[in-house]
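Q: Below you will find the structure I want to go over with you.
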Amino acid sequence: MTTKQQYHNRIFVVMAVLSAAGLLLVAQLARWQIFQHDEFVALAKEQNQREIELKASRGRIFDSNNHLLAANDFVYEVSASPQIINDPYETTDRLYRLLNIPRETLLDGLLSNALWIPLTRSAPRDAGETLREWDITGIEVNPRSRRAYPEGTLAAQLIGFVNDNNDGYYGLEGYYDKVLRGASGKQEGEHGPFGDLIPLGEFDIVPPKEGADLHLTVNRAIQQAMEDELYQAVQRYGAESGVVVVLNPKTGALLASANWPAYNPNDFAQTDAAYYINNTVSWPYEPGSVFKIVTMAAALDSGTVGPGTTVRDEGVLEYGGQTIYDSDRQAHGVVDMTTVLAKSLNIGTAQIAIAMGAEKFYTYVRRFGFGRLTEIDLYGETPGTVKIPGDPYWYESALATNSFGQGIAVTPIQMTAAVAAVANGGLLMKPYVVQKVV
Numbered sequence: 001m002t003t004k005q006q007y008h009n010r011i012f013v014v015m016a017v018l019s020a021a022g023l024l025l026v027a028q029l030a031r032w033q034i035f036q037h038d039e040f041v042a043l044a045k046e047q048n049q050r051e052i053e054l055k056a057s058r059g060r061i062f063d064s065n066n067h068l069l070a071a072n073d074f075v076y077e078v079s080a081s082p083q084i085i086n087d088p089y090e091t092t093d094r095l096y097r098l099l100n101i102p103r104e105t106l107l108d109g110l111l112s113n114a115l116w117i118p119l120t121r122s123a124p125r126d127a128g129e130t131l132r133e134w135d136i137t138g139i140e141v142n143p144r145s146r147r148a149y150p151e152g153t154l155a156a157q158l159i160g161f162v163n164d165n166n167d168g169y170y171g172l173e174g175y176y177d178k179v180l181r182g183a184s185g186k187q188e189g190e191h192g193p194f195g196d197l198i199p200l201g202e203f204d205i206v207p208p209k210e211g212a213d214l215h216l217t218v219n220r221a222i223q224q225a226m227e228d229e230l231y232q233a234v235q236r237y238g239a240e241s242g243v244v245v246v247l248n249p250k251t252g253a254l255l256a257s258a259n260w261p262a263y264n265p266n267d268f269a270q271t272d273a274a275y276y277i278n279n280t281v282s283w284p285y286e287p288g289s290v291f292k293i294v295t296m297a298a299a300l301d302s303g304t305v306g307p308g309t310t311v312r313d314e315g316v317l318e319y320g321g322q323t324i325y326d327s328d329r330q331a332h333g334v335v336d337m338t339t340v341l342a343k344s345l346n347i348g349t350a351q352i353a354i355a356m357g358a359e360k361f362y363t364y365v366r367r368f369g370f371g372r373l374t375e376i377d378l379y380g381e382t383p384g385t386v387k388i389p390g391d392p393y394w395y396e397s398a399l400a401t402n403s404f405g406q407g408i409a410v411t412p413i414q415m416t417a418a419v420a421a422v423a424n425g426g427l428l429m430k431p432y433v434v435q436k437v438v
């Protein structure tokens, strides 16, 4: 074979290979454009779309006279797109003091290869407005709603607080979180290479559903007065904590719920978490002599005693292996029911419960709401503890000691509701805090 023939053969092979490659390329293009056209269009659209959450405004909280107790303020979220910042060093020098971010931390972020980085979620209003005026390329500044409590510590445990993610905790903020927070909407549309929406592009909007407002039964003036009185009492007696509850006996409406120590929900993150708890509903305690009201009411209602019934108080009572004394360790002789209550006599009260018998006594205790939730609309309610015959660790002596409030655990809201029932002619009302949701 001549050299010329070899040359032509090589040319033929090369042309054949190129032709085959061209045919394959044409076939692939045809497959993409004809058979996979819709798939690639959808993929391109998906990659070019951005969905932005449109957050709902959280509902406000008002007292019974429309005084604002919880509202919405706003701060600024600040973020950066490092790859389009013209001068990271100059930008750092302008921002780090304004945003209270360490200079080295901020500079490292602006020099990074990240497309986007968050800088702060809570820049003060003046700082955010300054940044918006500066309009620095690559720095994004957006307002963000933040919960605000204009009355500070007033009714803090009753109201609760909201974190940076708009999650309600404790009190009304926790119990009514879903009602208050509403539902976010969304805005979906075309975006540019750095995530910014294209103003003239196509977009869809689903508007947010704003949170509902709560109007409470609580009266701000009564609440403030009770908190002042509670503080004075705690100081006077050197107590570690205290609770005051005010109910309307006829309706069960909560007029005030004061707790000490208090805290400021505007600065909840700086507060010991133990202060968040609303002891009105979450603190089981041994009620002591105030429980004698319940025992006496039960005895009168059941017909076990009448106003003229008398008992003999000899200064000591042995029952169920337990020795019971009055607080003054004195004998009071024959006393009527009024005297038993007026002098808060343990022995006389125990004799009344013994005369009723365990079954009748504990039936009334349950009917007064002890040992179960009141179902008040507040976060964190506990049922307390009332043991009855047949329960582990119930002893015969408990009938006597329970009658004057020892050996049982109740919450302040339970005790207040029970005493309110006596004031309401024996009708126990379910306590509540929210009178309307708007």
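Numbering-wise (our numbering), the sequence shown opens with residue 1 and increments by one.
For each residue, glycine too, the CB sits at the ideal point set by N, CA and C.
1. Provide the residue(s) that pair with Ser257 in DSSP beta bridges, ordered along the chain.
2. Count the C-beta pairs between the region 287-302 and the region 344-356 that are closer than 8 Å, then say yes if the count reaches three, no if not.
3. Looking only at its chain, what residues have a beta carbon closer than 6 Å to the beta carbon of Glu77, apart from the 5 residues adjacent to it on each side?
4. At 3 residues or longer, what runs of the beta strand (DSSP E) sit wholly inside the region 119-201?
5. I'd like the span of the beta strand (DSSP E) that includes Tyr319, first residue to last.
6. Roughly how far, in whole angstroms, is the beta-carbon of Thr411 from the beta-carbon of Pro284, given that I think they are within contact range, below 8 Å?
7. Could you tell me which uninterrupted alpha helix (DSSP H) segments, each at least 4 residues in length, are contained entirely in the region 307-387, listed from first to last along the chain?
8. Relative to the ligand ADP, is the shortest distance from any of its heavy atoms to the C-beta of Leu216 smaller than 7 Å?
9. So, under 8 Å CB-CB, Tyr364 and Ile388 are touching, yes? Tell me the CB distance rounded to an integer number of Å.
10. Grab the span of the alpha helix (DSSP H) containing Asp228 for me, first residue to last.
11. To which residues of the same chain is Asn66 closer than 8 Å at the C-beta, ignoring the five residues directly before and after it?
12. Could you pull the start and end residues of the alpha helix (DSSP H) that Val438 belongs to?
13. Can you tell which of Thr91, Leu399 and Tyr149 has its C-alpha closest to the C-alpha of Arg103?
14. Looking at the structure shown, is Leu427 part of a helix, part of a strand, or coil, going by DSSP?
15. Assuming Ser397 and Tyr325 make a contact with CB atoms under 8 Å, what is their CB distance in whole Å?
16. When the cut-off is 8 Å and only beta carbons count, does Ala350 lie next to chain C?
17. Whose C-beta lies closer than 7 Å to the C-beta of Thr137 among residues of the same chain, with five residues either side of it excluded?
18. Indicate whether Val218 and Leu180 have their beta-carbon atoms separated by less than 8 Å.
19. Using the three-state DSSP reduction, which class does Ile205 fall into: helix, strand or coil?
20. Per the contact definition of three or more C-beta pairs closer than 8 Å, is the region 374-387 in contact with the region 274-288?
A: Looking at the coordinates:
1. Paired residue(s): Val245.
2. yes
3. Arg121, Asn142 and Arg144
4. The qualifying runs are 139-148 and 185-190.
5. Leu317 to Tyr319
6. 6 Å
7. 337-342, 346-356 and 358-367
8. Among the components modelled here there is no ligand, and therefore nothing to report on the ligand ADP.
9. About 12 Å; that fails the 8 Å criterion.
10. Arg220 to Tyr237
11. His215
12. Looking at the DSSP string, Val438 is not in any alpha helix (DSSP H), and its letter there is neither H nor E.
13. Thr91
14. coil
15. 14 Å between Cβ atoms; not a contact.
16. Here there is only one protein chain, and chain C is not present.
17. Ile84, Ile85 and Asn86
18. Taking 8 Å as the Cβ cut-off, Val218 and Leu180 do not qualify as a contacting pair.
19. strand
20. With the cut-off at 8 Å, the region 274-288 and the region 374-387 touch.
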